[in-house]
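Data first, discussion second: the structure below is written as structure tokens.
In the UniProt record's numbering, the protein residues as written are 1 to 77.
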């Protein structure tokens, strides 16, 4: 059974999902855009990141920040 990762009450995955949905970006679209930037990610990995099951890599976080045109503060709050 997979367990959610506790990150000092910072819900990065939930914030990513919320902002992504607010911008009308589908998971498959985000994954494709990240892969075009040579960022290793699959849709399955993005789902797990958004659910807080999988740690996010710095490279992935930077790409997501850029694609969502947001700030680290917004992602980490």
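The C-beta atom is built at its ideal place from N, Cα and C for all residues, glycine as well.
For clarity, every value in this text was computed on a predicted model and none was experimentally measured.
- By the neighbour-count criterion, in which a residue is buried when 16 or more other Cβ atoms sit within 10 angstroms of its Cβ, residue 20 is buried.
- For residue 60 against residue 43, the beta-carbon gap comes to about 13 Å, at or over 8 Å, which does not count as contact.
- In the same chain as residue 72, and ignoring 5 residues on each side of it, the C-beta atoms closer than 7 Å to its own belong to 65, in chain order.
- Ranked by how close their Cα comes to the Cα of residue 37, the residues 52, 76, 62 and 14 have 62 in first place.
- With contacts defined by Cβ atoms closer than 9 Å, residue 67 and residue 25 form a contacting pair.
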